[in-house]
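Chains as they are written, first to last, in the numbering used here: chain L, 167 to 369; chain C, 167 to 369.
2 protein chains.
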Amino acid sequence: MNGRLGAPRHRKPYDAEALLDIAVHVFNERGYDGTSMDDIARAAGITKASIYYHVSGKEELLERGIHRALDALFSVLDEPAACSGSAQGRLRHVLQRSVAIMSARLPEVALLLRVRGNTPVERWALEQRRTFTRCIAALVQAAIDEGSLRSDVEAGLVARLLFGTVNSIVEWYRPEGRLNPEYIASAIEALVFDGLVPLARVG
Amino acid sequence: MNGRLGAPRHRKPYDAEALLDIAVHVFNERGYDGTSMDDIARAAGITKASIYYHVSGKEELLERGIHRALDALFSVLDEPAACSGSAQGRLRHVLQRSVAIMSARLPEVALLLRVRGNTPVERWALEQRRTFTRCIAALVQAAIDEGSLRSDVEAGLVARLLFGTVNSIVEWYRPEGRLNPEYIASAIEALVFDGLVPLARVG
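#1: Any residues in the segment 194-223 of chain C with a beta carbon nearer than 9 Å to a beta carbon of chain L? Which ones, in chain order?
#2: If you follow the alpha helix (DSSP H) that E293(L) is part of, which residue opens it and which one closes it?
#3: Look up L171(C) in the DSSP assignment and say whether it is helix, strand or coil.
#4: Quick one: Cα of L236(L) to Cα of L236(C), how far?
#5: So that I know if they touch, is there some Cβ in chain C lying closer than 8 Å to that of S334(L)?
#6: In the DSSP assignment, the alpha helix (DSSP H) including P341(C) goes from what residue to what residue?
#7: What is the C-beta distance between W338(L) and R326(C), in whole angstroms, given that I count them as a contact (C-beta under 8 Å)?
#8: Determine which residues of the segment 345-362 of chain C have a Cβ less than 8 Å from any Cβ of chain L, and write them out in chain order.
#9: Given S252(L), which residues of its chain have a CB within under 7 Å of its CB, disregarding the five upstream and five downstream residues?
#10: Report yes or no: is there a C-beta of chain L within less than 8 Å of the C-beta of A184(C)?
#11: Is it right to say T297(C) is buried, meaning 16 or more other beta carbons lie within 10 angstroms of its own, or is it exposed?
#12: Taking only the alpha-carbon atoms, compute the straight-line gap between L243(C) and V332(C) and give it to the nearest angstrom.
#13: Can you tell me whether L365(L) is buried or exposed? The criterion is at least 16 other CB atoms within 10 Å of its CB, across all chains shown.
#14: Can a CB atom of chain C be found closer than 8 Å to the CB of L292(L)?
#15: Is the segment 272-286 of chain C in contact with the segment 248-262 of chain C, if contact means three or more CB pairs nearer than 8 Å?
#16: Taking the straight line between their C-alpha atoms, what separation do you get for G330(C) and V260(C)?
#17: Measure the CB-CB distance between R230(C) and L186(C) and report whether it falls below 8 Å.
#18: Comparing alpha-carbon positions, which option in I354(C), D181(C), Y349(C) and L357(C) lies nearest H220(C)?
#19: If distances are taken between C-alpha atoms only, which option among S216(C), N194(C), A189(C) and S222(C) comes closest to A209(C)?
#20: Give the C-beta separation of F193(L) and L239(L) to the nearest angstrom, bearing in mind that I take them to be a contact with Cβ-Cβ under 8 Å.
#21: A351(L) to A266(L), Cα distance in whole Å?
#22: Between which two residues does the alpha helix (DSSP H) carrying T331(C) extend?
#23: For P364(C), would you say it is in contact with chain L, using Cβ-to-Cβ distances shorter than 8 Å as the test?
#24: Quick one: what does DSSP say E226(C) is sitting in, helix, strand or coil?
#25: Using a Cβ cut-off of 9 Å, pull out every chain L residue sitting near V275(C), in sequence order please.
#26: Step through the CB atoms of chain L and report whether any lies within less than 8 Å of the CB of G330(C).
#27: Throw me the rounded Cβ distance for the A353(C) and V319(L) pair, which I believe falls under 8 Å.
#28: Would you mind working out which of E183(C), D199(C) and K224(C) sits nearest V281(C), comparing C-alpha positions?
#29: Does V190(L) come within less than 8 Å of chain C when only Cβ atoms are used?
#30: I want to see whether chain C comes within less than 8 Å of R282(L), judged by CB atoms only; does it?
#31: DSSP state of I267(C), grouped into three classes?
#32: Among A303(L), L278(L), I302(L) and F359(L), whose alpha-carbon lies nearest the alpha-carbon of S334(L)?
#33: According to the neighbour-count rule (16 or more other Cβ atoms, all chains shown, within 10 Å of its Cβ), is S264(C) buried or exposed?
Here it is in structure tokens:
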């Protein structure tokens, strides 16, 4: 209750969240399988014992890192604009907000998208990704049903391709770069919904 | 010259190509950084010494695996239909053929798309990927210039998003699955060029 008053005046060099930032960075750099607790300790400049003070091990760091990404992404689905209005409008909202979250939580989302499934936490992460894709597919299906989306490509494939486009952000987006997330989100929305061929192509 | 005649009647359990198949599989399963020569030897059921008979080490296996993917992808750009006709037509051809190659060379393309840049070979692979994207961007720009593609999103971003969609195949495509590569390629082409919104939306 008195956390702020009771906190030490000199903050420890690493609290659990700051340590997690570093672990996520090292996982992305070396791959989860290629990362040892020694690597994380070295990157953080602390002993392994200090890390074990905060977490039970490497897999807990992975789980917490992935939780950050999943919590942010799934919370989009609960936003008012994702829950009311036309299905196409909801899908547009989820798309825009997903781009915003991916650019804001780039390291954690990259980590989520690169898991391989060799450990229970990775398999849980893959299952969560499948759940998210199913939610998107349901939204796509609702938009097809209301007649606002083409019906000749099945909803599940549309959902996967849609998030193939969105997820590619983690491969090339640089926060210090020329393109801002709003521009990228608008470009993706325009291309996804209206396509590459100019709309006014007659005459 | 007389390789076939001179070959031993009993083929060795692993020639260099079959060994490479196994190495690519292990790299994809454990990540390149997380894979040791011991892992590859164990998966192949042979000794490390037998592997060194074929290659100088782990990095050469990575390089050869990535070469398979790059050779296949870049060869698309030299196909007649990628070199003549309208720019939009050429782009459509490259898109279709890239989907075909990715589904046929799934493990090698997955390997190419998951390199991190920690070694000279990985950095070379990333540079080759950037070169490929620049070729696609040039094709997109040519299509914009001929007036067959919308001009409000810049060619470089279109190229990256386009191949974000295509590359996502390695995440979810399963050769034994329900969707065949031709259907996937048609769906991607339809979505990318015409968008999700039905074309006949008036009346």
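Glycine included, each C-beta is placed from N, C-alpha and C at the ideal position.
Source: prediction; values computed, not measured.
To lay it out plainly:
#1: Residues N194, E195, R196, G197, Y198, D199, G200 and T201.
#2: In the DSSP assignment, E293(L) falls within the alpha helix (DSSP H) that extends over P286 to D311.
#3: For L171(C), the pLDDT reaches just 42, beneath the cut-off of 50, and the residue's location in the model is therefore unreliable, although a value from the coordinates is still provided. Three-state result, L171(C): helix.
#4: Taking the straight line joining both Cα atoms gives about 33 Å.
#5: Yes, S334(L) counts as interfacial toward chain C.
#6: No alpha helix (DSSP H) holds P341(C); DSSP gives it neither H nor E.
#7: With 8 Å as the limit, W338(L) and R326(C) qualify as a contact, their Cβ atoms being about 5 Å apart.
#8: So the close ones are L345, I350, A353, I354, A356, L357, V358, F359, D360, G361 and L362.
#9: Only E312 and S314 meet the Cβ criterion.
#10: By this cut-off, A184(C) is not an interface position.
#11: A residue is called buried once 16 or more other Cβ atoms fall within 10 Å of its Cβ, and T297(C), having fewer, is exposed.
#12: Between L243(C) and V332(C), the C-alpha separation is close to 16 Å.
#13: Looking at its Cβ environment, which holds fewer than 16 other Cβ atoms inside 10 Å, L365(L) is exposed.
#14: Answer no: the Cβ-Cβ gap between L292(L) and chain C never drops below 8 Å.
#15: No: fewer than three Cβ pairs fall under 8 Å.
#16: Rounded to whole angstroms, G330(C) to V260(C) spans 14 Å at the Cα level.
#17: R230(C) places its beta carbon less than 8 Å from that of L186(C).
#18: Comparing Cα positions, the closest option is D181(C).
#19: Of S216(C), N194(C), A189(C) and S222(C), the residue nearest in Cα terms is A189(C).
#20: Beta-carbon to beta-carbon, F193(L) and L239(L) are separated by about 18 Å, too far to satisfy the 8 Å threshold.
#21: Their Cα atoms are separated by approximately 7 Å.
#22: Where T331(C) is concerned, the enclosing alpha helix (DSSP H) stretches over A321 to N333.
#23: When Cβ-Cβ separations below 8 Å define contact, P364(C) makes contact with chain L.
#24: Three-state result, E226(C): helix.
#25: Think of a sphere of 9 Å around the beta carbon of V275(C): no beta carbon from chain L falls inside it, the nearest being about 14 Å out.
#26: At least one CB atom of chain L sits nearer than 8 Å to the CB of G330(C).
#27: Between A353(C) and V319(L) a beta carbon distance of about 5 Å is seen, short of the 8 Å cut, so the two are scored as contacting.
#28: Out of E183(C), D199(C) and K224(C), the CA that lies nearest to the CA of V281(C) is found in D199(C).
#29: Not one chain C Cβ lies under 8 Å of V190(L).
#30: Answer yes: the Cβ-Cβ gap between R282(L) and chain C drops below 8 Å somewhere.
#31: Helix at I267(C).
#32: Selected option, being the one with the closest Cα: L278(L).
#33: By the 10 Å Cβ count, S264(C) comes out buried.
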